[in-house]
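Protein sequences, first through last, are from chains U and X. Here the working numbering runs 82 ahead of the position in the first sequence, where the first position is 1. Here the working numbering runs 82 ahead of the position in the second sequence, where the first position is 1. Positions of the beta carbon are idealized from the N, C-alpha and C atoms, including for glycine.
There are 2 protein chains.
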Amino acid sequence: MGVTKTQIFDQQQNELAQFFKILGHPARIAILQYISKQNTCICNDLVEEIGLAQATISQHLKELKSIGLLKGEVEGKSMCYCIDVDRWNVLQKNLNSFFNTTKTNCC
Amino acid sequence: MGVTKTQIFDQQQNELAQFFKILGHPARIAILQYISKQNTCICNDLVEEIGLAQATISQHLKELKSIGLLKGEVEGKSMCYCIDVDRWNVLQKNLNSFFNTTKTNCC
DNA sequence: TTTTATTATCGTAATATTGCGATATTATAA
DNA sequence: TTATAATATCGCAATATTACGATAATAAAA
């Protein structure tokens, strides 16, 4: 036990859940908010700004990258992380579509 | 370790993350979709419909209730679960507000 | 080349989540 | 009252997540 039984759900349900899951951590919310506040891309002031260890921040960034919300470019010896606005908009749309189709027909 | 350090984030970040987290499981997505598909409220065809044990479904329902997305009423000896549309709309609004304010000002 | 700075990855400990059988609990039916 | 049916809760095993120190990898600077 302890494993999510993904095989009994369809792809749309699993993908939607995966996306929600990755947004379901305050550090990742904070990272996204901080990156968007800067008018330039972020490297790792995040470690100081947020107050988690460098390894931890790096791990959270990796997860955000895994659903395509962030893209990173090498900039000298640091990394420059950006929100992928196209991907961001697609996800927002999917998510609203879930909300709009699901709330109807309720008692 | 292993604990999310909620104390270093603000209330808005923690609440948003909590909300996303609860939606971050395919069974809970499937439950919401199934409930909304019925024009009457649901009791526990969910167990047959979804294919998880009764105890497991009950647990997922509890979590959905914890963020106010579902409300349950006793109906005879069974339970009648509904989506709380007001709460649903509030959460959708918060979510869009997060998406809209966060995507701007990116490089 | 050697140093330094930045980020990624590995390994591991602590805690959380998922899932389920067993057992309460609650409310109708007999 | 005694069954029966539906749901909730408890306790546990398996797995996942979170966090971090240590260390590797990479690239500029000395």
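Does residue i have its Cβ less than 8 Å from a Cβ in chain X?
| i | result |
| --- | --- |
| U/G106 | yes |
| U/A112 | yes |
| U/L152 | no |
| U/L177 | yes |
| U/N96 | yes |
Based on Cα-Cα distance, which residue from the options lies nearest to residue i?
| i | options | result |
| --- | --- | --- |
| U/I90 | X/I132, X/R110, X/Q174, X/I111 | X/I132 |
| X/C123 | X/F181, X/K153, X/T184, X/K159 | X/K153 |
| U/Q136 | U/E97, U/S179, U/A109, U/D92 | U/A109 |
| U/L177 | U/V85, U/K87, U/G84, U/N96 | U/N96 |
| U/C164 | U/V172, U/S140, U/Q120, U/N182 | U/Q120 |
| X/A99 | X/E130, X/I139, X/I149, X/V167 | X/I149 |
| U/V156 | U/N126, U/G84, U/Q94, U/F181 | U/N126 |
| X/D166 | U/T86, U/F181, U/N171, U/S160 | U/F181 |
| X/G84 | U/Q94, U/T86, U/V85, U/T138 | U/T138 |
| X/S179 | X/T86, X/K87, X/Q94 | X/Q94 |
| X/N171 | U/L173, U/M161, U/S160, U/T183 | U/T183 |
I'd like to know whether the C-beta atoms of residue i and residue j end up nearer to each other than 8 Å.
| i | j | result |
| --- | --- | --- |
| X/L151 | X/R169 | yes |
| U/G158 | X/K103 | no |
| X/L146 | X/I113 | yes |
| X/S211 | U/K175 | No answer is possible for residue 211 of chain X: the residues shown for chain X start at 83 and end at 189. |
| X/Y116 | X/L134 | no |
Are the C-beta of residue i and some C-beta of chain U separated by less than 8 Å?
| i | result |
| --- | --- |
| X/K103 | yes |
| X/L146 | no |
| X/K159 | no |
| X/V172 | no |
| X/I90 | yes |
| X/V167 | yes |
- Query: Listed from N- to C-terminal order along the chain, which residues in the region 129 to 142 of chain X have their beta-carbon within a distance smaller than 8 Å of any beta-carbon of chain U?
  - Reply: Correct list: I132, G133, L134.
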